[in-house]
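Step one of this worksheet: look at the structure below.
Laid out in structure tokens, this is it:
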């Protein structure tokens, strides 16, 4: 299981790698296609989830980002 923001995080690395010459544009596209074949199960987040994430962040003093992953782990009983 992974949270949807993971997809943005992974995709964000590609343009940075292109700027440093580590990847070409075509390599980046191919990498995303290969990652798509891994079968990761992305969890959607709805407004009720966001309210719970805010609640977790407020109580724990964690960031919203960290609280989202904590919420996901609770949601999937991990």
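Numbering (our numbering), first residue to last: 9 to 86. From the three backbone atoms N, C-alpha and C, an ideal C-beta is built for every residue, glycine too. In this text, all values refer to a predicted model and were calculated from it rather than measured experimentally.
Rounded straight-line distance, which links the Cα of residue j to that of residue i
i	j	result
residue 58	residue 66	12 Å
residue 80	residue 18	18 Å
residue 36	residue 26	8 Å
residue 47	residue 15	13 Å
residue 13	residue 62	16 Å
residue 31	residue 73	28 Å
residue 45	residue 54	25 Å
residue 76	residue 86	14 Å
residue 52	residue 69	24 Å
Endpoints, alpha helix (DSSP H) assigned at residue i
i	result
residue 19	13 to 27
residue 71	Counting along the chain, residue 71 falls outside any alpha helix (DSSP H), and DSSP gives it neither H nor E.
residue 39	33 to 44
Supposed contact pair residue j and residue i - C-beta distance, whole angstroms, cut 8 Å
i	j	result
residue 50	residue 22	In fact, because the Cβ distance is near 18 Å, the residues do not count as touching under 8 Å.
residue 78	residue 64	6 Å
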